[in-house]
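The following block contains the structure:
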């Protein structure tokens, strides 16, 4: 009689069937393992929202993890309970969540931009001038074609993959 696969093997299998990346698989399995160890090797079937809340709060308050780290642990545990154990979890309100600090964008002054551009030559200078002057994203600049740039009219046509998404 064949025994059923172990919990972490089932997690791996479900992640692979859903085509999650190998790095996500490794991270989720690691967070589930840490969760189980934190609760002294109790099986997740014997635990619930209270233990999830306790673990996530522990990460925020005692371990001082970044917001993205806590969110990854939370996602791993949600996957475990909803997809593997097939248990519905009510929304967890009382978890102390780590908040991301607000980041203000850093904008070059025109003098700083000129100083940077002075050190570039050729194609790299043209790309940097387009990035800064036209406000293009990096991949928008990389995907530009010769016909997209009209120096005479001072126009740049930016395509976003579909014919409907064109900016000038």
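Residue numbers (this note's numbering): 171 to 338. Where is the CB? At the ideal position from N, CA and C, for every residue including glycine. Predicted model only: the values in this text are computed from it and were never measured.
Rounded Cβ spacing between residue 228 and residue 208 (contact assumed at less than 8 Å): For this step, residue 228 is matched to residue 58 along the chain shown. For this step, residue 208 is matched to residue 38 along the chain shown. Residue 228 to residue 208, Cβ: 7 Å. Contact.
Whole-Å CB distance - residue 203 paired with residue 185, under 8 Å assumed: The residue given as residue 203 occupies position 33 in the chain shown. The residue given as residue 185 occupies position 15 in the chain shown. Your pair residue 203 and residue 185 does not check out as a contact, with CB atoms roughly 14 Å apart and the cut at 8 Å.
Span of the alpha helix (DSSP H) around residue 328: The residue given as residue 328 occupies position 158 in the chain shown. Run containing residue 328: none in the alpha helix (DSSP H); it sits in the beta strand (DSSP E), 328 to 330.
Minimum C-alpha distance to residue 317 - residue among 326, 309 and 310: Reading the chain shown from its first residue, position 147 is the one you call residue 317. With distances taken between Cα atoms, residue 317 lies closest to 326.
Bridge partner(s) assigned by DSSP for residue 325: For the purposes of this step, residue 325 is taken as residue 155 along the chain shown, with counting starting at 1. Bridge partners of residue 325 according to DSSP: 320.
Host alpha helix (DSSP H) of residue 187 (start-end): Working through the chain shown from its first residue, we reach residue 187 at position 17. Where residue 187 is concerned, the enclosing alpha helix (DSSP H) stretches over 177 to 187.
Reduced DSSP category for residue 307 - H, G, I as helix; E, B as strand; rest coil: Counting from one through the chain shown, the residue named residue 307 turns up at place 137. It is coil, neither helix nor strand.
Integer Cβ distance of residue 247 from residue 222, believed to fall under 8 Å: Stepping through the chain shown from its first residue, residue 247 is reached at position 77. Stepping through the chain shown from its first residue, residue 222 is reached at position 52. Confirmed, Cβ separation roughly 5 Å.
Residue 298 and residue 290 closer than 7 Å at C-beta: Numbered from 1 along the chain shown, position 128 holds the residue referred to as residue 298. Numbered from 1 along the chain shown, position 120 holds the residue referred to as residue 290. Residue 298 is a Cβ neighbour of residue 290, given a cutoff of 7 Å.
Bridge partner(s) assigned by DSSP for residue 336: To locate residue 336, count along the chain shown from 1; it is residue 166. Checking the DSSP bridge columns, you'll see residue 336 partnered with 329.
Collapsed DSSP secondary structure at residue 171 in the structure displayed: Here residue 171 refers to the residue found at position 1 of the chain shown. At residue 171, the pLDDT of 45 sits below 50, so the modelled position is not reliable; the number obtained from the coordinates is stated separately. Shown here, residue 171 sits in coil according to DSSP, grouped into three states, outside any helix or strand.
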